[in-house]
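Below is one structure, written out as structure tokens; the observations come after it.
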Amino acid sequence: MVNLMNKNSGIAIVIGTKAELIKCMPIMRELNKRNLDYWFIHTGQHPLSEMCKYFGVKEPDVILTKEPDIETKLKSKVDKNSIKWSWDIIWKIRKAVRTIKPEFVINHSDTISTVAASIGSSKILNPGKKWKSVHLEAGLRSGSFFEPFPEEISRRIAEICSDVFFAVSKKRYNFLKKRHPEKIVVHTGNSMIDATLEMIKEAKKMKFKKERGEYAIVNMHRYENLRSRERMKKIVNILKRLKIKTIWTLHHNTEKSLKRFGLFGEIKKNLNIKMMPLLPYYQEFLFKLSTAKFVITDGGGIQEECLVFKRPCIILRKRTEREEGLDTGLQFLSKLDVKKTIEVIRKMERGKINIKDYKNPYGEAGVSKKMVDFFEGFYKNQETSKKFLKINQH
Numbered sequence: 068m069v070n071l072m073n074k075n076s077g078i079a080i081v082i083g084t085k086a087e088l089i090k091c092m093p094i095m096r097e098l099n100k101r102n103l104d105y106w107f108i109h110t111g112q113h114p115l116s117e118m119c120k121y122f123g124v125k126e127p128d129v130i131l132t133k134e135p136d137i138e139t140k141l142k143s144k145v146d147k148n149s150i151k152w153s154w155d156i157i158w159k160i161r162k163a164v165r166t167i168k169p170e171f172v173i174n175h176s177d178t179i180s181t182v183a184a185s186i187g188s189s190k191i192l193n194p195g196k197k198w199k200s201v202h203l204e205a206g207l208r209s210g211s212f213f214e215p216f217p218e219e220i221s222r223r224i225a226e227i228c229s230d231v232f233f234a235v236s237k238k239r240y241n242f243l244k245k246r247h248p249e250k251i252v253v254h255t256g257n258s259m260i261d262a263t264l265e266m267i268k269e270a271k272k273m274k275f276k277k278e279r280g281e282y283a284i285v286n287m288h289r290y291e292n293l294r295s296r297e298r299m300k301k302i303v304n305i306l307k308r309l310k311i312k313t314i315w316t317l318h319h320n321t322e323k324s325l326k327r328f329g330l331f332g333e334i335k336k337n338l339n340i341k342m343m344p345l346l347p348y349y350q351e352f353l354f355k356l357s358t359a360k361f362v363i364t365d366g367g368g369i370q371e372e373c374l375v376f377k378r379p380c381i382i383l384r385k386r387t388e389r390e391e392g393l394d395t396g397l398q399f400l401s402k403l404d405v406k407k408t409i410e411v412i413r414k415m416e417r418g419k420i421n422i423k424d425y426k427n428p429y430g431e432a433g434v435s436k437k438m439v440d441f442f443e444g445f446y447k448n449q450e451t452s453k454k455f456l457k458i459n460q461h
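The opening position of the sequence shown corresponds to residue 68 in my numbering, with each subsequent residue numbered one higher.
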């Protein structure tokens with residue numbers, strides 16, 4: 068940990084996972100452009116230092132626990148080790164924030180690090196605090212505590228603990244404004260949009276190898292899927308019938324689950340499916356995603372990436388917190404119905420999905436600028452912030 072008193076900054080950003088860094092990266096870049104300093108507090112949940120280098124953002128000022136050598140420090144999202152780690156991190160975040168004394172403590176998304184940052188910087192543990200706790204990617208809801216689990220619970224905890232919400236869509240803005248009329252709610256959109264657009268520009272310059280012919284992409288890692296033999300059997304029954312060339316970027320935990328349930332061999336029988344480790348560069352993954360015929364996933368952010376590239380997407384879940392994507396007609400919630408999902412796959416393989424024009428519900432380029440406008444207004448001039456809020460609280 069660096070000396071917490073070595074600079075004065077009104078902004079502290081708490082990040083723990085790769086997905087959080089990806090989504091915060093354009094905000095960090097925008098802060099740099101405007102010469103607005105900030106603290107980067109890393110919980111240590113995922114290894115992030117190398118990602119910071121190739122994203123061109125500064126490495127963490129504060130690392131609360133040692134970064135893991137593998138994909139994640141926590142083998143499971145819900146076990147004794149993850150609960151103990153979360154408890155320890157809450158108090159370390161509290162101590163760091165109390166020492167820094169920023170104007171804003173920013174946390175993102177719906178991870179264990181999000182929960183720790185929300186609670187550690189909240190009024191619950193800091194009565195009389197002067198900083199504002201800010202939740203990015205706010206308002207997403209699936210309507211079920213267990214779909215996805217534990218992310219849905221994480222979002223609800225962040226909602227209770229936060230003072231400011233950056234709502235990802237107009238629908239989520241209305242939802243939060245109705246529930247919390249006393250709090251600051253701003254309709255910004257999701258910074259994932261900027262991250263995707265910025266990284267695909269860089270990907271084109273990096274000259275990654277193009278795939279030959281048409282192909283699909285599979286990417287899955289949801290805890291509620293991986294822990295269930297029944298769900299994994301349904302998912303494998305769907306995927307093993309793919310007829311199109313398929314690239315499956317395989318998470319370590321997903322591979323373990325397939326092998327634990329004796330399903331890995333079933334997938335290997337389908338010679339159309341090429342399984343590979345996670346790609347080392349986010350830009351390379353986006354490059355492949357942008358030219359795929361369609362995508363099959365149980366992830367969250369990837370649903371938004373597909374909307375940016377107008378790629379049809381099948382969601383291997385029973386519920387999604389990103390319902391706006393379903394309204395575009397480009398995304399399909401499988402509900403793990405094997406027969407119906409295979410029917411949709413066949414349409415996608417034949418190119419029978421009509422891609423209509425739509426306005427991205429999560430925003431267009433410039434989301435991060437909106438967010439930094441808010442911080443800069445408070446940081447430099449209260450009147451500027453009042454004007455910003457008048458324009459964006461609609």
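The C-beta atom is built at its ideal place from N, Cα and C for all residues, glycine as well.
A quick note: this is a predicted structure, and the numbers were derived from the prediction, not measured.
Rounded separation between residue i and residue j - CA only
i, j, result
"V124", "I422", "36 Å"
"T387", "V362", "16 Å"
"V164", "E269", "34 Å"
"S357", "F376", "6 Å"
"T178", "N292", "17 Å"
"D365", "E214", "11 Å"
"F212", "E219", "5 Å"
"G444", "F399", "40 Å"
"L203", "E265", "19 Å"
"N286", "S149", "24 Å"
"E278", "G368", "23 Å"
"G187", "L207", "21 Å"
"G111", "F331", "31 Å"
"N99", "N339", "45 Å"
"I173", "A205", "12 Å"
"R223", "P428", "22 Å"
"P93", "Y282", "29 Å"
"I130", "F171", "19 Å"
"S180", "K274", "34 Å"
"I420", "K414", "6 Å"
Which residues DSSP lists as bridging residue i, in chain order
i, result
"I94", "None; I94 has no bridge partner."
"W154", "DSSP lists no partner for W154."
"P344", "L317"
"F171", "I78 and K199"
"I89", "Answer is none; I89 lacks a bridge partner."
"V164", "Bridge partners of V164: none, in fact."
"I284", "I314 and V362"
"I251", "V231"
Counted within 10 angstroms of its Cβ, other Cβ atoms place residue i as buried (16 or more) or exposed
i, result
"D424", "exposed"
"Y121", "exposed"
"W315", "buried"
"W106", "buried"
"E226", "buried"
"E117", "exposed"
"N320", "buried"
"D230", "buried"
"G34", "Residue coverage of the chain in this structure runs from 68 to 461, which leaves residue 34 outside it and unanswerable."
"A79", "buried"
"W198", "buried"
"M72", "Caution applies to M72, whose pLDDT of 41 falls short of 50 and renders its modelled position unreliable; the value that the coordinates give is listed next. Exposed."
"I89", "buried"
"G77", "buried"
"E249", "exposed"
"I381", "buried"
"P169", "buried"
"M299", "buried"
CA nearest to the CA of residue i, picked from the options
i, options, result
"T255", "I156, A283 and V235", "V235"
"K272", "K190, K85, E351 and S188", "E351"
"S189", "N241, C228 and E372", "C228"
"F216", "K250, G77, I150 and Y290", "Y290"
"V253", "R246, I311 and F232", "F232"
"K310", "W158, I412, V81 and A205", "I412"
"L346", "K85, I78, V81 and G77", "K85"
"W152", "E170, V182 and D128", "V182"
"T408", "T313, K385, L338 and R389", "K385"
"K341", "K307, S180, Y348 and R96", "K307"
"A432", "N337, N257 and Q370", "N257"
"E416", "S221, T132, R378 and L325", "R378"
"Y349", "E391, C119, I334 and R239", "C119"
"E126", "T132, H113, K301 and H109", "H109"
"D394", "L374, N241 and P194", "L374"
"P344", "E322, A359 and L192", "E322"
"G280", "K312, I251 and R294", "K312"
"V303", "F442, N337 and M259", "N337"
"V405", "K326, K301, M438 and S435", "K301"
"V439", "V81, E87 and R96", "R96"
Cβ-heavy atom distance, residue i to the ligand SAH, below 7 Å
i, result
"I251", "This structure lacks the ligand SAH; in fact it carries no ligand of any kind."
Could you tell me which uninterrupted beta strand (DSSP E) segments, each at least 3 residues in length, are contained entirely in the region 201 to 247, listed from first to last along the chain? 231 to 234
Runs of 3 residues minimum, wholly inside the region 354 to 406: which ones carry the beta strand (DSSP E) assignment? 361 to 364, 380 to 382 and 398 to 400
Within the region 92 to 131, ranges of the alpha helix (DSSP H) (whole runs, at least 4 residues): 116 to 122
May I have a chain-ordered list of the beta strand (DSSP E) segments no shorter than 3 residues that lie completely inside the region 290 to 317? 313 to 317
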